[in-house]
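J.: Below is a structure I'd like to ask you about.
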Amino acid sequence: MGNAKYNGRLPEDPAILEKEIDGIGRYTAGAICSMAYGISTPIVDGNIHRLLTRLLAIHAPQTAPGTIKVLWQVAEQLVHRLPQGQGIAGDWNQALMELGSQVCKPVNPDCDACPLQKGCKAYMELSRATEPPSSSSEVCDICTPIPSTMAGSVIPSVTVFPMRKEKKASRVEEEVVGVVEWRGEQGRRWLLTKRPEKGLLAGLFEPPTTPVAASVSAEERLDASLATLSDLLDVSSTDLRKDITPRYIGSIPHIFSHINMTYHIQHLVITTTTPPPISASGQERNAVWLDESGVEHANVGTGVKKVWAEVYGSWGSFEARVKVANKPAKKAKKVDKDPVGGGKVVKKIMMPLMPRKAEL
1 MGNAKYNGRL
11 PEDPAILEKE
21 IDGIGRYTAG
31 AICSMAYGIS
41 TPIVDGNIHR
51 LLTRLLAIHA
61 PQTAPGTIKV
71 LWQVAEQLVH
81 RLPQGQGIAG
91 DWNQALMELG
101 SQVCKPVNPD
111 CDACPLQKGC
121 KAYMELSRAT
131 EPPSSSSEVC
141 DICTPIPSTM
151 AGSVIPSVTV
161 FPMRKEKKAS
171 RVEEEVVGVV
181 EWRGEQGRRW
191 LLTKRPEKGL
201 LAGLFEPPTT
211 PVAASVSAEE
221 RLDASLATLS
231 DLLDVSSTDL
241 RKDITPRYIG
251 SIPHIFSHIN
261 MTYHIQHLVI
271 TTTTPPPISA
281 SGQERNAVWL
291 DESGVEHANV
301 GTGVKKVWAE
311 VYGSWGSFEA
321 RVKVANKPAK
331 KAKKVDKDPV
341 GGGKVVKKIM
351 MPLMPRKAEL
């Protein structure tokens, strides 16, 4: 900030301030110059963006260059029409931000309390029609049609504006999760790897996981999981297959904000004298053998806890679940046989005594 070029003082020109000072964009430059220096310059933050799109009934992609350009032009025109005076532009900008924040809110806007209600195109158009207004090129060059699903017998809210952001379709992915358990003379250990420090589930521990295509067979999923395990451990795939007992647990869904994930769970039990050593590749992925206490204290995500529960019943449990098929219910016997004579046994059923009516 203390740039010698400006003698330790921020430039008063918003264009220069935005260009010369790192980390300052157009909005911040406008806010500093209008509120600190009293310069007649506009700002457009999220609140003012929403306020202007409703005032002008602009139904257009929020972040499109054309939309941004129009809103800044309007904000600039409004500022330049203000009376000239020290601090007026700053007060105006703060007032618009406050109006958008407290009155023209994203949901449940308080239109009755809005001082700009009479000049609000969104309010006027939606108040005199039972369906949303149609955006046409004659009215707005950048607007897109309002979805017909917003039409109906109920008058829509001004929250039709600004245009809602399109949600990106979630990716569909599948992974094989190998819950690797070693059993030997020293007890039991579980193999976990640590995810990279950046990206999805950054820095969290998880069992060895392998992405697979949806079309692969159960046998191919097992092969993929064993291949990953062979890469993590300093042991040949042949020896690994000899010492490992795989058990397919099942598949479960897990939803991220942008990914629809399916986990195919394998319980892989290794029985050797000692836990197989971690390979160089495994060390790069921070693979580690942990005892029960280590597993319990490992930093894991909810997906891992769900996977663990499928194998052991719940997170923190270490006794493998055994799924038992439901036995068919026994049919009730209609007639009992006399164990001695082979004849029918008539059971006497005792009915509860009903209270007599009180005699008059």
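According to UniProt numbering, the sequence shown holds residues 1 to 360 in order. Ideal Cβ positions, reconstructed from N, Cα and C, are used throughout, including at glycine.
Sort out for me which residues DSSP pairs L191 with in a bridge.
T.: Answer is W289.
J.: Could you please give the first and the last residue of the uninterrupted beta strand (DSSP E) stretch that includes M261?
T.: Where M261 is concerned, the enclosing beta strand (DSSP E) stretches over 259-271.
J.: When the Cα atoms are used, what is the spatial distance from W72 to Y27?
T.: Whole-angstrom Cα-Cα distance: 10 Å.
J.: Which partner residues of L233 appear in the DSSP bridge assignment?
T.: The partner list for L233 (beta bridge, DSSP) reads I278.
J.: Pick from I270, V300, G184, F161: whose alpha carbon is nearest that of Q62?
T.: Closest option to Q62, Cα to Cα, is F161.
J.: Would you check if the distance between the CB atom of R247 and the CB atom of H267 is smaller than 8 Å?
T.: Contact flag set, yes.
J.: What alpha helix (DSSP H) runs, 4 residues minimum, are completely inside the region 18-73?
T.: If we require 4 residues or more, the alpha helix (DSSP H) runs fully inside the region 18-73 come out as 26-36, 46-55.
J.: Ends of the alpha helix (DSSP H) at W308?
T.: It spans 302-312 - the alpha helix (DSSP H) in which W308 sits, taken as one unbroken run.
J.: Taking L232 as the reference, give the member of I88, H49, S279 with the closest Cα.
T.: Comparing Cα positions, the closest option is S279.
J.: Starting from the C-beta of T41, find all residues in its chain whose C-beta is less than 7 Å away, skip the five residues before and the five after it, and write them out in chain order.
T.: Around T41: P14, G30, C33, S34, V79, A89.
J.: Span of the alpha helix (DSSP H) holding W92?
T.: 88-102 is the extent of the alpha helix (DSSP H) around W92.
J.: Beta-carbon separation of residue 361 and T159 under 8 Å?
T.: Here the chain has residues from 1 to 360 only, and residue 361 is not among them.
J.: Is it buried or exposed, D336, if we count other Cβ atoms within 10 angstroms and call 16 or more buried?
T.: Low confidence applies here, because D336 scores a pLDDT of 47, under 50, leaving its location unreliable; read the following figure in that light. It is exposed - the Cβ of D336 has fewer than 16 other Cβ atoms within 10 Å.
J.: Distance, Cα to Cα, L82 vs D91?
T.: Answer to the nearest angstrom: the Cα atoms are 11 Å apart.
J.: For P211, which of helix, strand or coil comes out of DSSP?
T.: If DSSP states are grouped into helix, strand and coil, P211 belongs with the strands.
J.: Can you tell which of K69, I39, P208 has the C-alpha that lies nearest to the C-alpha of G85?
T.: Comparing Cα positions, the closest option is I39.
J.: Is it buried or exposed for P11, if we count other Cβ within 10 angstroms and need 16 for buried?
T.: Classification for P11: buried.
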